[in-house]
Amino acid sequence: MALGLELPEETFVKLHEFDAVGETHVRFLKYHPRPDEDEEKTRGVWLSKGHTDLGTVTLLYSQAVSALQVLGVDGRWRWVKHVDNALIVNAGDGMEFLSGGYYRATVHRVVQPPQDQRNLPRLSIVYLGLANDDVKLAPLVDSPVLQRIGVKEYGRFNSGAEIPTMEMWRKARTSTYGQNELKVSEKDKNVEEEIINGVLLRHYN
């Protein structure tokens with residue numbers, strides 16, 4: 001990803017130091033088949049509405065039981081197909097901020113599997129990468145790519161506003177989860193919006 005921005009190869013590695021304070025972690029999830037009445041209550045959504053991860057990069061082992069969907073630029077949800085021994089790589093908020101939007105955070109959701117797989121449990125192993133807690137999430141404006149496309153110093157943050165660190169962004173998103181009043185988007189009734197640290201976040205129904 002650093003090379004894609006024409007930056008030194010170790011640029012992002014140095015923002016994710018093993019000995020630094022941070023919240024990178026691995027999560028193990030097991031989804032059990034649910035009764036039809038539960039699926040009706042959640043409209044078939046298993047894990048949150050369509051959302052982005054708050055970190056920089058998320059790695060998932062490809063699973064034979066389908067459930068993960070990603071939102072395309074055309075507004076359509078698409079299944080992520082299983083590939084044996086493959087990893088799925090999603091960019092998160094942190095990567096979008098650091099790249100000035102050049103790498104967009106992946107909007108995704110976990111839903112009820114297709115009909116022929118609904119009787120099967122689903123296992124998920126997820127590596128959630130976050131930058132060091134003290135990393136400022138400002139665009140890496142030394143990137144020749146970002147300079148050519150005109151990315152500014154503040155990126156998605158308001159000019160003059162305090163740019164959060166990874167720790168600040170993590171705490172802001174987790175502490176407001178389920179607490180903020182979401183407003184229906186004026187552009188799309190299937191999207192709800194909230195503002196965190198001056199950044200507009202969207203949740204997709």
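Going by UniProt numbering, the letters in the sequence shown line up with residues 1 to 205, in that order.
The C-beta atom is built at its ideal place from N, Cα and C for all residues, glycine as well.
Contained alpha helix (DSSP H) runs [length at least 4] in the UniProt domain "Fe2OG dioxygenase" (22-131), N- to C-terminal order: 36-42, 93-98
Pair within 9 Å by beta-carbon distance, Leu98 and Phe12: In the sequence shown, counting from the first residue as 1, residue 98 sits at position 98. In the sequence shown, counting from the first residue as 1, residue 12 sits at position 12. Contact flag set, yes.
Whether Leu128 touches His25 by CB criterion (9 Å): One-based indexing of the sequence shown puts residue 128 at position 128. One-based indexing of the sequence shown puts residue 25 at position 25. Yes.
Where the alpha helix (DSSP H) through Val145 begins and ends: Counting from 1 along the sequence shown, the entry for residue 145 is found at position 145. 144-149 is the span of the alpha helix (DSSP H), which, as asked, contains Val145.
Own chain residues within Cβ distance below 6 Å of Leu60, not counting five before or after: Taking the first residue of the sequence shown as position 1, residue 60 is located at position 60. Contacts found: Ile88, Val126.
Where Leu7 falls: helix, strand or coil (DSSP): Stepping through the sequence shown from its first residue, residue 7 is reached at position 7. Looking at Leu7 - three-state DSSP - the assignment turns out to be coil, as it is neither helix nor strand.
Extent of the continuous beta strand (DSSP E) run through Glu193: In the sequence shown, residue 193 corresponds to position 193, counting from 1. Here the beta strand (DSSP E) through Glu193 covers 191-196.
Straight-line gap, Pro139 to Gln69 (C-alpha atoms, nearest Å): For the purposes of this step, residue 139 is identified with residue 139 of the sequence shown, where counting begins at 1. For the purposes of this step, residue 69 is identified with residue 69 of the sequence shown, where counting begins at 1. Rounded to the nearest angstrom, the two C-alpha atoms are 28 Å apart.
Beta-carbon proximity list for Glu10, same chain, < 8 Å, skipping 5 on both sides: Position 10 of the sequence shown, counting from 1, holds the residue named residue 10. Hits under 8 Å: Ala2.
Beta-carbon proximity list for Thr106, same chain, < 7 Å, skipping 5 on both sides: Within the sequence shown, residue 106 is the residue found at index 106, counting from 1. So the qualifying residues of the chain are Thr52, Val70, Asn90, Ala91.
Supposed close pair Ala131, Gly22 - CB separation, criterion 8 Å: As a working mapping, residue 131 is identified with position 131 in the sequence shown. As a working mapping, residue 22 is identified with position 22 in the sequence shown. Rounded, the Cβ-Cβ distance is 7 Å, consistent with contact.
Rounded straight-line distance, which links the Cα of Pro8 to that of residue 294: An answer regarding residue 294 cannot be provided, because it is not within the stretch 1 to 205 covered by the chain.
Closest Cα partner of Asp133 within the set Asp116, Met166, Pro144: On the sequence shown, residue 133 is found 133 positions in, with the first residue counted as 1. Of the candidates Asp116, Met166, Pro144, the one whose C-alpha sits nearest the C-alpha of Asp133 is Met166.
Element boundaries [beta strand (DSSP E), containing Tyr177]: Within the sequence shown, the letter at position 177 stands for residue 177. Element bounds for Tyr177: n/a, residue is neither H nor E.
CB contact check: Ser175 to chain B, cutoff 9 Å: Absent here is chain B; the protein component of the structure consists of one chain.
Nearest-angstrom beta carbon gap, Arg122 and Pro114 [assumed within contact, 8 Å]: Translated into the one-based positions of the sequence shown, residue 114 becomes position 114. Translated into the one-based positions of the sequence shown, residue 122 becomes position 122. Between Arg122 and Pro114 the Cβ distance is about 12 Å, and since that is not below 8 Å, they are no contact.
Cβ neighbours of Lys187 in the same chain (closer than 6 Å, five flanking residues each side left out): The residue given as residue 187 occupies position 187 in the sequence shown. Cβ neighbours of Lys187 beyond the five flanking positions: none.
Among Ser62, Tyr103, Lys49, the one whose alpha carbon lies nearest that of Leu5: If you number the sequence shown from 1, residue 5 lands on position 5. Checked all of Ser62, Tyr103, Lys49; the closest Cα to Leu5 is Tyr103.
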